[in-house]
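Worksheet for the structure shown next.
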Amino acid sequence: MSTIRFQTVTDRPSHIQRIVYKLFEIGKTQAWLARQVKIAPRYLNDMLLGRRSLTLPVAYRIALTLSFDPEAYIKEVKEASQKK
Numbered sequence: 266m267s268t269i270r271f272q273t274v275t276d277r278p279s280h281i282q283r284i285v286y287k288l289f290e291i292g293k294t295q296a297w298l299a300r301q302v303k304i305a306p307r308y309l310n311d312m313l314l315g316r317r318s319l320t321l322p323v324a325y326r327i328a329l330t331l332s333f334d335p336e337a338y339i340k341e342v343k344e345a346s347q348k349k
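Below is the structure:
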């Protein structure tokens, strides 16, 4: 299983960049976030690598866990999904 590296995040959508930057800032891992939002670590990894899309319920739980504004973050995720 490949993992996302901090240096390779710049080509990701902004809502994914925010997750990776926040994890780096608070010193937590993807596995920690997966446990907090109750999803499989593989799903989170695939989402960060762009292999899966981020669902709105998961986006909401991530926003709450990482102290993002949930409404603004959901809007950002919706806009990114419409651009695809």
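When you line the sequence shown up against this note's numbering, it's residues 266 to 349, in that order. The beta-carbon is built from N, C-alpha and C at its ideal position, and this holds for glycine as well. Note that the structure is a prediction, hence the values are computed from the model and not measured.
R317: not part of any alpha helix (DSSP H); DSSP gives it neither H nor E.
Annotated as proximal: A299 and Y308, with beta-carbon spacing under 9 Å. Secondary structure note for P335: its alpha helix (DSSP H) is the uninterrupted segment P335 to K348.
In chain order, M312 and V342 place their CB closer than 6 Å to the CB of L319, counting only its own chain and leaving out the 5 sequence neighbours on each side.
For I281, the enclosing alpha helix (DSSP H) stretches over residues S279 to I291.
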